[in-house]
Amino acid sequence: MTPTSMFKFEASKAGEEQIFVCIQTEGTATVEQDSRQCILRTGDMTLLDTSRAFHMDFRDEMAQLVLQVPRALFRKQVGALERLTATVVPAQNPLGRITKQFITSLARDFELFAPIVAQRLSEQALDMVVMAFASLADDGHARKTSVTRSMLAHRGRAFIEANLRSAWLSPGDVAEHLGISKRYLSTIFAGDGQSVERFIRQRRLQKCARDLADRGQAIRPISDIAFGWGFNNLTHFGQSFKAVYGATPREYRKQALQRGIAVAQDVDN
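The numbering of the sequence shown is the UniProt record's numbering, which starts it at 1 and goes up by one.
Below is the structure:
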């Protein structure tokens with residue numbers, strides 16, 4: 001981009017809304033959205049929401065790496081997006097640094113990956129971005145503005161995702177990680193219309209469904225998949241799986257592979 005330039009973006013039309021994850025790779029830029037303004041320096045990262053107008057000002061040569069994420073998907077992860085736009089994950093933030101390195105490498109080699117692998121890596125990139133911005137809640141500045149329920153909910157979900165394989169994962173573990181009571185944790189998840197236990201079970205079932213439909217794991221024992229994702233009772237796993245997917249794990253695997261599905265859709269609901 002050329003020196004002394006301003007980029008103004010009007011709100012997107014419905015159906016085109018994206019979140020821009022902007023990583024400053026060279027130079028500096030000033031961005032503004034939602035009555036906030038921040039300065040991006042090399043290595044910094046910020047978010048911009050195309051559902052609302054924003055503008056960017058840069059007076060020297062600069063470059064950015066921009067990751068586009070469907071707004072609905074991002075909002076499902078963090079909730080109140082307007083609290084995050086035009087805020088900065090600085091270059092020295094450890095989670096931010098790892099996230100930027102991962103996204104930079106992914107952008108460079110993305111076309112080399114098979115579609116299935118690329119999809120999984122993209123999901124991982126989104127998780128890392130969300131965790132990087134959630135880490136701001138641990139900074140003194142963010143404490144002054146208070147930690148929102150949506151951010152606590154995300155941090156709780158991120159902890160669950162990282163520990164799904166543990167058969168002993170419990171709401172108490174999540175609450176302890178967040179430094180809140182189990183009662184308050186239940187209140188936070190109830191705001192999304194679910195319980196902590198239900199979310200854990202749902203994510204485990206989704207991971208199992210994905211692996212059952214993966215041709216690369218076609219000969220892997222079903223019990224190994226179930227135990228690998230934290231289930232410790234095969235009868236309970238089979239009953240829960242059938243209640244959600246309308247088929248036993250064995251039937252589901254057979255049907256999925258016959259249809260030629262390599263990986264089951266792994267959607268966070």
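All C-beta atoms in this analysis are idealised placements derived from N, C-alpha and C, irrespective of residue type, glycine included.
In this text, all values refer to a predicted model and were calculated from it rather than measured experimentally.
Counting of Cβ neighbours within 10 angstroms places Leu112 among the exposed residues, the total staying below 16.
Contact check for Ala29 against Leu47 fails: the beta carbons are separated by 8 angstroms or more. Residue pairing of Pro70 in beta bridges, as defined by DSSP: Gln18. By the criterion of at least three beta-carbon pairs nearer than 8 angstroms, the segment 116 to 128 is in contact with the segment 64 to 82. Across the set Met151, Cys22, Leu152, the C-alpha of Cys22 shows the shortest separation from the C-alpha of Ala91.
One Cα belongs to Ser150, the other to Ile98, and the distance between them is close to 23 angstroms. The three-state reading of DSSP puts Leu40 in strand, counting E and B together. Within the same chain, Cβ atoms closer than 8 angstroms to the Cβ of Arg250 are found at Ile222, the five residues on either side in sequence being excluded. Taking 4 residues as the minimum length, the alpha helix (DSSP H) runs contained wholly in the UniProt domain "HTH araC/xylS-type" (154 to 255) are 171 to 178, 182 to 190, 196 to 212, 222 to 228, 234 to 245, in order along the chain. In this structure, the beta-carbon distance from Gln24 to Thr42 falls below 8 angstroms.
Counting along the chain, Asp49 sits inside the beta strand (DSSP E) bounded by residues 45 to 49. The beta carbon of Leu169 sits closer than 8 angstroms to those of Ile160, Asn163, Ile200, Gly230, all from its chain and outside the five residues before and after it, given in chain order. Under DSSP, Val31 forms a beta bridge with Cys38, Met56. A distance of 8 angstroms or more separates the beta carbons of Val69 and Ile116. The beta carbons of Arg36 and Thr85 sit closer together than 8 angstroms. Bounds of the alpha helix (DSSP H) holding Pro94 are 94 to 109. In this chain, the alpha helix (DSSP H) harbouring Ala132 covers 115 to 134. Secondary structure of Val88 (DSSP, three-state): coil. Contact between the segment 196 to 214 and the segment 233 to 245 is present, with at least three C-beta pairs closer than 8 angstroms. In the three-state reduction of the DSSP assignment, Glu61 falls in the coil class.
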